[in-house]
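**Student:**
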Amino acid sequence: MDVFQRASNAKFNKDKTVALSLSGDPQPTWDRALRELGFPACHDRTHPDPVIYLGYLLSSSRAQLHTFMERMLETIHNHCNIHLGRGLSIRGRATILNTLILSKLWHVLCIIGAPRASFHNQLKSIIGNFLMHRMFPRVAYSTLCLPRRHGGVGLLDPITQQNALQLRWIKPMLEESGTYPQHI
Numbered sequence: 129m130d131v132f133q134r135a136s137n138a139k140f141n142k143d144k145t146v147a148l149s150l151s152g153d154p155q156p157t158w159d160r161a162l163r164e165l166g167f168p169a170c171h172d173r174t175h176p177d178p179v180i181y182l183g184y185l186l187s188s189s190r191a192q193l194h195t196f197m198e199r200m201l202e203t204i205h206n207h208c209n210i211h212l213g214r215g216l217s218i219r220g221r222a223t224i225l226n227t228l229i230l231s232k233l234w235h236v237l238c239i240i241g242a243p244r245a246s247f248h249n250q251l252k253s254i255i256g257n258f259l260m261h262r263m264f265p266r267v268a269y270s271t272l273c274l275p276r277r278h279g280g281v282g283l284l285d286p287i288t289q290q291n292a293l294q295l296r297w298i299k300p301m302l303e304e305s306g307t308y309p310q311h312i
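For the sequence shown, the numbering used here begins at 129 and goes up steadily by one.
1. Going by the DSSP bridge assignment, what does V179 pair with across the sheet?
2. Does DSSP classify H261 as helix, strand or coil?
3. I need the straight-line Cα distance from E202 to L228, nearest angstrom please.
4. According to DSSP, is L283 part of a helix, a strand, or is it coil?
5. For the putative contact between F196 and L185, defined by C-beta atoms under 8 Å, what is the C-beta separation to the nearest angstrom?
6. Suppose you measure from the CA of M129 to the CA of A135; what does that come to, to the nearest Å?
7. Should I210 be labelled buried (16 or more other beta-carbon atoms within 10 Å of its own) or exposed?
8. Provide the residue span of the alpha helix (DSSP H) that contains L235, from first to last.
9. Whole angstroms is fine: what's the gap from T157's alpha carbon to I254's?
10. Going by alpha carbons, who is nearest to R276 out of P286, G220, M263, A245?
11. Excluding five sequence neighbours on each side, which residues of the same chain lie with their C-beta closer than 7 Å to the C-beta of Y269?
12. Quick one: is A161 buried, meaning 16 or more other Cβ sit within 10 Å of its Cβ, or exposed?
13. Taking all protein chains shown into account, do 16 or more other C-beta atoms lie within 10 angstroms of the C-beta of F264, making it buried, or fewer, making it exposed?
14. Closest to G282 by CA distance: which of N226, H248, G241 is it?
15. Nearest-angstrom Cα distance between T286 and H171?
16. Do you know offhand how far A222's Cα is from H278's?
17. What number of angstroms, rounded off, separates the C-alpha of N249 from the C-alpha of A138?
18. Can you tell me which of the three DSSP states L201 falls into?
19. Let me check understanding here. Comparing Cα to Cα, which of M260, A245, I204, S188 lies closest to W234?
Shown next, in the form of structure tokens:
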């Protein structure tokens, strides 16, 4: 490792190094070898937290995916609370949601998607509470997602956005195979 550090002019950081079980199965042999060298044990499906590599989720179990998505909701909720104190109009809050708060979510939904029932219902609740803060009567969520010229605030609907982002990856594969339906 010393030769690599000198040759590349880079520093090797043991604390940030993670050995990952590609199968998700525990690897006792690797764990022993890694511990002898001073590294943490191999990350597998028994760990409660997923590995995040360059912003991408690497999970070995549903529990890790659930943990990641719960943290994503918590982050979105915290960012909404921060922006509530700014005294923005409903259009301003919609712009903040579309561009700042939900931008990382679009990336996640493009790559891994999210379970519709649980995640999206909680997300809609957070978004609705942020947009409708101190407003009565409440406006329907579907109305908020309409363009401004049709009475909405132009909010990007996360389910529609997830479908569009994933279709962007699927469409070229379908076109290449010749099975792409013409109506899409």
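From the three backbone atoms N, C-alpha and C, an ideal C-beta is built for every residue, glycine too.
**Tutor:** For this structure:
1. Here residue 179 corresponds to residue number 51 of the sequence shown, with the count starting at 1. DSSP, once it has assigned bridges, lists L186 as partnering V179.
2. Residue mapping note: residue 261 aligns to position 133 of the sequence shown, counting from 1. Here H261 sits in coil by DSSP.
3. Locating residue 202 in the sequence shown gives position 74, counting from the first residue. Locating residue 228 in the sequence shown gives position 100, counting from the first residue. Inter-residue distance for E202 and L228 is about 15 Å (C-alpha atoms, whole angstroms).
4. Working through the sequence shown from its first residue, we reach residue 283 at position 155. In the structure shown, L283 sits in coil (DSSP, three-state: anything other than H, G, I, E or B).
5. Your numbering for residue 196 matches position 68 in the sequence shown. Your numbering for residue 185 matches position 57 in the sequence shown. Between F196 and L185, the beta carbon gap of about 5 Å places them in contact (Cβ cut-off 8 Å).
6. In the sequence shown, residue 129 corresponds to position 1, counting from 1. In the sequence shown, residue 135 corresponds to position 7, counting from 1. A straight-line Cα-Cα distance of about 10 Å links M129 and A135.
7. Position 82 of the sequence shown, counting from 1, holds the residue named residue 210. It is exposed - the Cβ of I210 has fewer than 16 other Cβ atoms within 10 Å.
8. On the sequence shown, position 107 is the one that residue 235 refers to. The question names Leu, yet the displayed sequence has His at residue 235. From DSSP, the alpha helix (DSSP H) with H235 extends over 231-239.
9. Counted from its first residue, the sequence shown places residue 157 at position 29. Counted from its first residue, the sequence shown places residue 254 at position 126. About 45 Å.
10. Start at 1 with the first residue of the sequence shown, and residue 276 comes out as number 148. The residue from P286, G220, M263, A245 with its alpha-carbon nearest to that of R276 is G220.
11. Counting from 1 along the sequence shown, the entry for residue 269 is found at position 141. Taken in chain order, the residues that qualify are K252, G256.
12. Counted from its first residue, the sequence shown places residue 161 at position 33. Looking at its Cβ environment, which holds fewer than 16 other Cβ atoms inside 10 Å, A161 is exposed.
13. Position 136 of the sequence shown, counted from the start, is the residue given in the question as residue 264. Flag for F264 reads exposed.
14. Indexing the sequence shown from 1 puts residue 282 at position 154. Proximity to G282 across N226, H248, G241 peaks at N226, based on C-alpha coordinates.
15. Looking up residue 286 in the sequence shown gives position 158. Looking up residue 171 in the sequence shown gives position 43. For clarity, residue 286 is Pro in the given sequence; the question names Thr instead. Distance between the alpha carbons of P286 and H171: 31 Å.
16. The count along the sequence shown starts at 1 and reaches residue 222 at position 94. The count along the sequence shown starts at 1 and reaches residue 278 at position 150. Roughly 15 Å between the two C-alpha positions.
17. Taking the sequence shown and counting its residues from 1, one reaches residue 249 at position 121. Taking the sequence shown and counting its residues from 1, one reaches residue 138 at position 10. Near 45 Å, if we compare the C-alpha coordinates of A138 and N249.
18. For the purposes of this step, residue 201 is taken as the residue at position 73 of the sequence shown. Reduced to three states, the DSSP call for L201 is helix.
19. Here residue 234 is taken as the residue at index 106 of the sequence shown, counted from 1. If we check each option's Cα against that of W234, I204 comes out closest.
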